[in-house]
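Sequential numbering from 116 applies to the sequence shown in my numbering.
For reference, the structure discussed in these notes is given below.
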Amino acid sequence: MFLALLNTLVHVYELNENLAGVVKNGQPVLLPLSHSTFNAQIEVAIDGEGNFLNSKKLEKGSDAVTIIPVTEDSASRGHGNFPHALCDKLCYLAGDYSRYTGDKKEEYYESYMDNLRDWAESEYSHPMVAAIRKYLEKGCLIQDLVREKTLELDGGRLTDTIKIHGLGQTGANVRFTVYGNDIPQVWKNRELYERYGSYYEKKGGEVSLCYLSGEIKPCTDKHPSKIRNSGDKAKLISGNDKSGFTYRGRFTAKAQAVSLGYVASQKAHNALKWLIQKQGYTRDDSTIVCFMANRDMKLPDMMRDSVNAYEGVDEFDLNSLLLNVPESGKKNDTGKIFAQQFNLAVMGYAGKIKQNDKVAVLALDAATTGRLSVVYYDEMGGTQFINALLYWQEHCKWKRFIHIAGAGGERKSLLCDASPSPRDMALAAFGTQRTMGLYGDSKLIKASVYRLLPCITKNVKIPEDMIRSAVRRSSMPQSMDEKVWYNQVLCVTCAMIRFNYEKGGKTMEHFLEENLDNRSVLFGRLLAVYDYLERRAMFEYGEDGKVKEQRTTNAKRYWNAYSSRPAKTLKTIKQNLISYEKKLKDYELKKFEEWAGEIMTHLADKGFDNRPLSEMYLPGYYLQMEYMKSELQNFKAKENEQ
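If you want it as structure tokens, here you go:
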């Protein structure tokens, strides 16, 4: 599996190699070979003759991320003297570092300058490299930075009491701008990337068998970090622990476990970094990315709900779809009209994915700060993937409010049928409410998300224990805010139940009519009748014309007990509703008695007892509630017409 993943990533890099080093509109950059990134705190400008011009502190943000040429050792360095090739920390670049700090780091500067001279004197040199060499050989970098007030001294010393981006001055990263070139920024100059790549490749290394290509090539045992972001220390391949049990007991040397060519390792890791930055989902120390392996085509984000999954894909614009809804439609049923237009757009996109396309789904998890593991990997055909995703989105959905980003960056709320995100499902099952949202233990939530991936990509059933846990949470409406319970727990749980139900060849379209022999569904419907009866009886407007805040109904108060002992608890609920029945209008009371009587007729022969209810009582409750609301609204509309 692991070598298959690496082989796919190498293929992705080679397909997109023309994009390596191209910086465009703030988009993620595919790193050239032998390059990495760091967050720069200081930028130094010089001319083509190596004369200092000016310097500045950089603002914290995406512009501080800098592409830098690296060596095998420097790309994976921890503590030690392993300089980068051009841009680096002050201790490597400043010949006057020890004079201003008191730290004995002369050997760091000498190592850096030895490497820089070797590159500058090679056939792969570049005028920018020669200029930087000339300047740094003067040994006055910190002096110039202090004069420009980019660095500040404390008692004549450079100390870490003054911070840049929260980092002490002595550890600042420095990058260069060399004026006199078409592209003066060294981190944006593609010609410089290519010169260094050729220079470093020619230096080569120890040759061995590359397990990926099956050829004898220069190999490496020092693989890149910074896979998920520029500050990430976790590595996908590492074997630097000779004293523990990293490979002992199975192999005598780490190369026996895995040996990769340097170029193959660079291509695979750089492709993975690019894919994660471009379309990856990262949360709770886990990263999940779904990508097209044979061409550069963005896929729907399977980690989001079924509407937001398509935002930014194939020129999808959710706001445009909303604007296209007629005004008459907005008043009646925005969700339905939006869904029709949205589904047409989705089917148009799906038709562009071909059978011979190759889709890969990868999940990474960091057990520690230094180790990254592959917890899920799967490859499939393009048609297989999109069919599985569309099946998931069609059958694991429920009507609920979702948020989409507005044209101005604001969040808009939309009521429509949508499949919840995997994280929403995990939180519905294992989350607890804080403020106006659900939160949960990060390890439990991410483990649950991993378990849902095969449900999306292979359409296997949702694990029963997750549904049981979500049902338990749904059966405790008093433990959370009404809106949170309804939208983030009940509706999400119903979507999960629906998926497994329809996997059995059934459909929710006629759920109530087709389950007249299911006692759990019938008890759920009965709970809805008495819940809505009490809500209608308490329904009244305030002086401002708005609906007054209503207290919790008896059905909600006794909900948890009802799910465990329905027959006994139902008697208590009915007794508490006698006074509320008198507040209803005659036609309302008649309808509620009619609905309750009809359900009780079916329930009498199907088990009116105290056995606990199955999960099916929840969709029974929800759909009966929706049916009753629709019936009473239609009755009122006809009454107003008369």
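Yeah, the Cβ is synthetic: ideal placement off N, Cα and C, and Gly gets one too.
Note that this is a predicted model, so its numbers are computed, not measured.
How close, in whole Å, do the beta carbons of residue i and residue j come, if the pair is a contact with beta carbons under 8 angstroms?
| i | j | result |
| --- | --- | --- |
| Lys388 | Glu187 | The pair is not a contact, with the Cβ atoms about 17 angstroms apart (cut-off 8 angstroms). |
| Ile577 | Phe626 | Rounded, the Cβ-Cβ distance is 18 angstroms, inconsistent with contact. |
| Thr684 | Ala676 | 5 angstroms |
| Phe638 | Thr572 | At roughly 36 angstroms, the Cβ-Cβ gap does not stay under 8 angstroms, so Phe638 and Thr572 are not in contact. |
| Glu306 | Ala246 | In fact, because the Cβ distance is near 14 angstroms, the residues do not count as touching under 8 angstroms. |
| Lys514 | Cys606 | 7 angstroms |
| Ser170 | Asp259 | 7 angstroms |
| Lys341 | Asn409 | Contact flag wrong, Cβ pair sits at about 26 angstroms. |
| Ser149 | Val185 | 6 angstroms |
| Ala543 | Arg588 | 6 angstroms |
| Gly764 | Lys348 | Nothing about residue 764 can be reported from this structure: the residues present for the chain run from 116 to 757 only. |
| Ser694 | Ser590 | Not confirmed; about 26 angstroms, so no contact. |
| Ser635 | Leu728 | 4 angstroms |
| Ile560 | Arg538 | 7 angstroms |
| Phe431 | Ala460 | 6 angstroms |
Skipping 5 residues on each side, what residues in its chain have a beta carbon closer than 8 angstroms to that of residue i?
| i | result |
| --- | --- |
| Thr292 | Glu158, Val159, Ala160, Ile161, Pro299, Gln300 and Val301 |
| Val422 | Leu433, Phe457, Ile517, Ile519, Leu529, Cys531 and Ala533 |
| Ala562 | none |
| Thr152 | Leu146, Val180, Thr181, Ile182, Ile183, Lys341 and Ser345 |
| Lys686 | none |
| Ser213 | Lys219, Lys220 and Glu221 |
| Ile80 | Because the chain in this structure spans residues 116 to 757, residue 80 falls outside the shown range and cannot be described. |
| Asn123 | Sequence check: residue 123 is Thr here, not Asn. Ala408, Lys473, Ala475 and Glu494, listed in sequence order. |
Kindly list the residues whose CB is nearer than 7 angstroms to the CB of residue i, restricted to its own chain and excluding five residues on each side of it in sequence; keep chain order.
| i | result |
| --- | --- |
| Leu738 | Phe626 and Leu627 |
| Met551 | Asp596 and Val599 |
| Tyr215 | Ile257, Arg272 and Leu273 |
| Gly444 | The pLDDT assigned to Gly444 is 45, lower than 50, so where the model puts this residue is not dependable; a value taken from the coordinates is nonetheless given after this. Only Ile452 meet the Cβ criterion. |
| Ser745 | none |
| Tyr314 | Trp234, Ser237 and Tyr239 |
| Lys175 | His280 |
| Ser189 | Phe197, Pro198 and His199 |
So what does residue i bridge to, in DSSP terms?
| i | result |
| --- | --- |
| Tyr554 | Thr547 |
| Pro333 | Val322 |
| Lys350 | Arg486 |
| Ile183 | Ser151 |
| Thr292 | Ala160 and Gln300 |
| Cys531 | Arg515 |
| Ile279 | Leu282 |
| Gly114 | The chain is shown only over 116 to 757; residue 114 falls outside these bounds and no answer can be derived. |
| Tyr491 | Ala478 |
| Leu268 | Leu273 |
| Arg526 | Ala520 |
| Thr397 | Thr402 |
| Asp203 | Val289 |
| Lys171 | Glu158 |
| Lys473 | Gly496 |
Taking 7 angstroms as the line, does the beta carbon of residue i fall inside it for any heavy atom of the ligand NAP?
| i | result |
| --- | --- |
| Gln455 | Looking for the ligand NAP in the displayed structure turns up nothing, as the structure carries no ligands at all. |
Closest to residue i by CA distance: which of the options is it?
| i | options | result |
| --- | --- | --- |
| Val428 | Asn140, Glu164 and Lys413 | Lys413 |
| Asp400 | Gly346, Lys467 and Thr687 | Gly346 |
| Pro592 | Pro339, Leu733 and Lys139 | Leu733 |
| Val244 | Tyr396, Ile257 and Ala200 | Ala200 |
| Tyr224 | Ala209, Lys332, Tyr314 and Met495 | Ala209 |
| Glu263 | Lys332, Pro339 and Phe167 | Phe167 |
| Leu82 | Glu494, Phe197 and Leu479 | Not covered by the structure: residue 82. The range shown for the chain is 116 to 757. |
| Gly217 | Asp233, Asp275, Glu238 and Pro727 | Asp275 |
| Tyr565 | Ala503, Leu205, Ser584 and Arg398 | Arg398 |
| Gly136 | Leu118, Leu631, Ala386 and Thr498 | Ala386 |
| Met653 | Lys744, Leu567, Glu696 and Glu222 | Glu696 |
| Leu648 | Trp234, Asp420 and Glu703 | Glu703 |
| Lys350 | Ser536, Ser694 and Ser191 | Ser191 |
| Glu316 | Phe431, Glu267 and Tyr239 | Tyr239 |
| Leu327 | Ala119, Phe723 and Gln508 | Ala119 |
| Tyr673 | Tyr645, Gln748 and Met731 | Tyr645 |
| Thr285 | Asn630, Arg650 and Asp203 | Asp203 |
| Arg549 | Tyr506, Glu525 and Gln603 | Gln603 |
| Asn196 | Ser226, Asp211 and Leu205 | Ser226 |
Looking only at its chain, what residues have a beta carbon closer than 6 angstroms to the beta carbon of residue i, apart from the 5 residues adjacent to it on each side?
| i | result |
| --- | --- |
| Ser323 | Cys334 and Ser374 |
| Val125 | Ala379, Lys382 and Ala383 |
| Tyr736 | Gly639, Leu642 and Ala643 |
| Pro569 | Val575 |
| Ile714 | Leu637, Arg640 and Leu641 |
| His759 | Any question about residue 759 goes unanswered here, given that the chain covers just 116 to 757. |
| Tyr396 | Ile403 and Met418 |
Which parts of the segment 400-425 are runs of the beta strand (DSSP E), unbroken and 3 residues or longer, counting only runs that do not cross its ends?
Residue ranges of uninterrupted beta strand (DSSP E) with 3 or more members, entirely inside the segment 400-425 and ordered along the chain, are 401-407.
Along the chain, which unbroken stretches of the beta strand (DSSP E) at least 3 residues long are found entirely within the segment 580-633?
Complete beta strand (DSSP E) runs here, min 3: none at all.
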